[in-house]
Amino acid sequence: DARVTQTPRHKVTEMGQEVTMRCQPILGHNTVFWYRQTMMQGLELLAYFRNRAPLDDSGMPKDRFSAEMPDATLATLKIQPSEPRDSAVYFCASGLVLIWGSGNTIYFGEGSWLTVV
Amino acid sequence: AQSVAQPEDQVNVAEGNPLTVKCTYSVSGNPYLFWYVQYPNRGLQFLLKYITGDNLVKGSYGFEAEFNKSQTSFHLKKPSALVSDSALYFCAVRDIATNAGKSTFGDGTTLTVKP
Chain V
-5 DARVTQTPRH KVTEMGQEVT MRCQPILGHN TVFWYRQTMM QGLELLAYFR
45 NRAPLDDSGM PKDRFSAEMP DATLATLKIQ PSEPRDSAVY FCASGLVLIW
95 GSGNTIYFGE GSWLTVV
Chain U
122 AQSVAQPEDQ VNVAEGNPLT VKCTYSVSGN PYLFWYVQYP NRGLQFLLKY
172 ITGDNLVKGS YGFEAEFNKS QTSFHLKKPS ALVSDSALYF CAVRDIATNA
222 GKSTFGDGTT LTVKP
């Protein structure tokens, strides 16, 4: 049963520390998304990649957040330094977007629940 | 530009009654439309989607949704609600005219089914 795998599932860290979240997309998927979910803002798109190349990271605070795809099986989201306002659930999602106008489904991981104290 | 609205933050129904969770959308071209469900402390799970063809789409757990182009709506429905359907539901839209594959999600609707 193919699924998007995220680690860690839960993380509590102190303000100022670096946090790295990892995602293994579904094998064969070429598009990876990072979302953040909070009570106040709902679901926000932070960044996404196609064939490992960043397509859009306009939703991401550039000064402290960075997203990369070192290879096709790993996407990372890093926060350095972390702040209490970064406390949220971070979701990775993947899909196969092959052609113009693809209606393929995007599948979500279980999320990384981050608390910054 | 694409957008989606879920006009109700909360929907309450009694078990066994039909349920409807509303969604309206806006796109430049034609839409792909999706429904996801999120149970507490879990990720979003895909329920169903409209790509083309029949306006009535059937999905997981007995849910269905009807695409209405004239009303730009894609309401989620189930004939008989279960307590276990209680969850957060998200509608999402993707404009066919874009090759970015990026979806826009609504703010979510919390469905509570009471015994």
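Here the protein sequences line up with chains V and U, keeping their order.
The first sequence begins at -5 in the working numbering and counts up one residue at a time.
The second sequence begins at 122 in the working numbering and counts up one residue at a time.
Here a beta-carbon is modelled for each residue, glycine too, at the ideal position from N, C-alpha and C.
Just so we're clear, the structure is a prediction, and the values are computed from it rather than from any experiment.
| Comparing alpha-carbon positions, which option in V:Met34, V:Pro55, V:Met63, V:Glu38 lies nearest V:Asn24? | It is V:Met63 whose Cα lies nearest to the Cα of V:Asn24.
| task | Output, in sequence order along the chain, the residues in the stretch 8 to 36 of chain V whose CB is closer than 7 angstroms to any CB in chain U. | result | Thr25, Gly36
| task | Please name the residue, chosen from U:Lys170, U:Ser124, U:Ser201, U:Gln192, that lies closest to U:Val158 on a Cα-to-Cα basis. | result | U:Lys170
| message | Could you pull the DSSP bridge partners for V:Arg44 from this structure? | response | V:Thr25, V:Ala47
| message | Closest to U:Phe211 by C-alpha separation, out of U:Thr173, U:Thr225, U:Lys190, U:Val178, would be which residue? | response | U:Thr225
| When burial is assigned at 16 or more other CB atoms within 10 Å of the CB, is V:Tyr29 buried or exposed? | For V:Tyr29, the number of other beta carbons within 10 angstroms of its own is at least 16, and it is reported as buried.
| field | With 16 other Cβ atoms within 10 Å as the buried cut-off, status of U:Gln123 | value | buried
| said: Within 9 angstroms of any Cβ in chain U, is that where the Cβ of V:Arg98 sits? | reply: This sequence places Asn at residue 98 of chain V; Arg is not what is there. The C-beta of V:Asn98 comes closer than 9 angstroms to at least one C-beta of chain U.
| task | Report the residue from U:Val134, U:Gln192, U:Lys223, U:Gly222 whose alpha carbon sits nearest the alpha carbon of U:Tyr146. | result | Residue U:Gln192 is the option with its Cα nearest to U:Tyr146.
| query | Once you ignore the five residues that flank V:Thr1 on each side, which residues in its own chain have a CB closer than 6 angstroms to its CB? | reply | Sequence-distant Cβ neighbours of V:Thr1 in its own chain, meaning closer than 6 angstroms and more than five residues away, are Arg16.
| Taking 9 angstroms as the CB-CB limit, is V:Val6 close to chain U? | no
| Residue environment, U:Asp216, which counts as buried when at least 16 other CB atoms sit within 10 Å | Under the 10 Å beta carbon count, U:Asp216 is surrounded by 16 or more other beta carbons and is classified as buried.
| field | C-alpha gap between U:Phe195 and U:Trp156, whole angstroms | value | 9 angstroms
| Pair within 9 angstroms by beta-carbon distance, V:Gly22 and V:Pro75 | no
| task | From the DSSP output, read off the bridge partner residues of U:Glu136. | result | U:Glu136 pairs with nothing; no bridge assigned.
| request: Identify which residue in V:Thr(-1), V:Asp(-5), V:Val6 has its Cα closest to the Cα of V:Trp107. | output: V:Val6
| Is there a Cβ from chain V that is less than 9 angstroms from the Cβ of U:Tyr157? | yes
| request: Pick helix, strand or coil for U:Ser194, following the three-state DSSP scheme. | output: strand
| query | Mind checking whether V:Phe85 and V:Gln35 have CB atoms under 9 angstroms apart? | reply | Cβ atoms of V:Phe85 and V:Gln35: not closer than 9 angstroms.
| query | Any Cβ of chain U within less than 9 angstroms of the Cβ of V:Val(-2)? | reply | Closer than 9 angstroms to some Cβ of chain U, the Cβ of V:Val(-2) qualifies, so yes.
| request: Report the option in V:Gly53, V:Ile73, V:Phe27 whose CA atom is closest to the CA atom of V:Thr(-1). | output: V:Phe27
| Does the beta-carbon distance from V:Tyr42 to U:Lys223 come in below 9 angstroms? | yes
| message | For V:Val111, tell me which candidate among V:Arg79, V:Gly105, V:Arg3 has the shortest Cα-Cα distance. | response | V:Val111 has its Cα closest to that of V:Arg79, out of V:Arg79, V:Gly105, V:Arg3.
| task | Using three-state DSSP, classify U:Tyr182 as helix, strand or coil. | result | helix
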